[in-house]
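Numbered per the working numbering, the sequence shown spans residues 409 to 667.
Heads up, the beta-carbon is just placed ideally off N, CA and C, and yes, glycines get one too.
Scroll down for the structure; my scribbles are underneath it.
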Amino acid sequence: MALRERAERAERERFLLAEQARAEERVRLAGEMHDVVTHRVSLMVLQAGALRVSSSDEGVRAEAEVLRAAGCQALEELRDLVGVLRSPVSVEAGSVSAVGSVGGPVGGVGLGVGVLVEESRGVGVEVELVESGDGSVVSPVVARTGFRIVQEALTNVRKHAPGSGVRVEVRYEADRVRLSVCNGPAREAVDEALAASGSGSGLKGLGQRVELVGGTFEWGPLPDGGFRIESVLPTYVPTTMSWIRPSKPGASVSQTSSG
């Protein structure tokens with residue numbers, strides 16, 4: 409048993425080291441992207457501003473102002489995005505400040521999935537969110553994991569089941585968080601190009617992440633043609649990821665069939 413535990417711990421440590429390497433590469437690429445793109449867009453903004461001032465044609469001046477304003481907005485959005493890409497370390501250190509839907513929960517308590525629900529509602533998806541219990545007891549690592557589960561589930565609904573209703577249920581208990589996302593079958597035509605986008609390994613990757621924190625993760629089709637995702641996460645996991653161990657031998661990941 410001791411040998412097995414050491415082997416499992418070594419495997420988790422290898423996974424964490426790989427995650428750290430990917431995070432460091434992400435930070436490096438974010439810096440390069442910021443430097444290169446900011447330089448080019450800044451030039452465009454300056455040139456548009458100069459054209460707005462120097463042109464004698466009112467129409468040209470108006471169009472130049474549109475370009476200049478769009479360039480300024482692009483720079484602001486790039487800055488925000490790069491800020492997210494550059495901040496994995498501070499986030500892992502326990503900061504619960506706004507990370508946005510790109511990376512994780514935004515402030516508040518619990519999993520912070522309300523922002524994801526509102527985003528989906530904003531594009532026409534009918535989402536019912538049911539939360540119960542005290543979300544303030546959830547540690548940041550667990551909150552980010554739960555947030556990603558709901559994010560992936562709602563993304564998949566928009567891709568593969570347009571027009572279907574979705575129910576997101578989060579139940580906070582003393583020692584665990586129970587999470588489920590269920591949707592019905594597609595009610596509208598599926599955009600094949602959109603459905604084919606992505607790596608195709610999102611759920612499996614999430615399963616590995618859940619297993620790492622000692623939780624369970626199941627997904628599969630429903631008899632009516634819908635789909636379900638269910639997860640049970642421990643309420644508290646230390647922020648220092650090297651100390652994460654399964655909370656119980658039953659920690660597992662599984663995919664089920666509709667039968």
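- Counting C-beta pairs closer than 8 Å gives three or more between the stretch 556-575 and the stretch 519-533, which meets the contact rule.
- Bounds of the beta strand (DSSP E) holding E577 are 573-580.
- Excluding five sequence positions before and after A472, the CB atoms of its chain that fall closer than 6 Å to its own CB belong to A456, L459, R460, given in chain order.
- Beta bridge pairing from DSSP links C480 with no other residue.
- For V645, the secondary structure class from DSSP, reduced to helix, strand or coil, is coil.
- Sorting W627, G554, L630, V598 by C-alpha distance to the C-alpha of L641 places G554 at the top.
- Taking a C-beta distance under 8 Å as the contact criterion, L483 and I557 do not qualify as a contact pair.
- Looking from the CA of D632, the closest CA among P593, S572, R476 belongs to P593.
- Here the alpha carbons of E466 and G479 stand approximately 20 Å from one another.
- Annotation: the continuous alpha helix (DSSP H) that includes E527 extends over 522-530.
- By alpha-carbon distance to K567, the top candidate from R617, A603, R579 is A603.
- Put simply, of R595, E485, P570, R412 the residue whose alpha carbon is nearest the alpha carbon of V445 is E485.
- The three-state secondary structure of G628, taken from DSSP, is strand.
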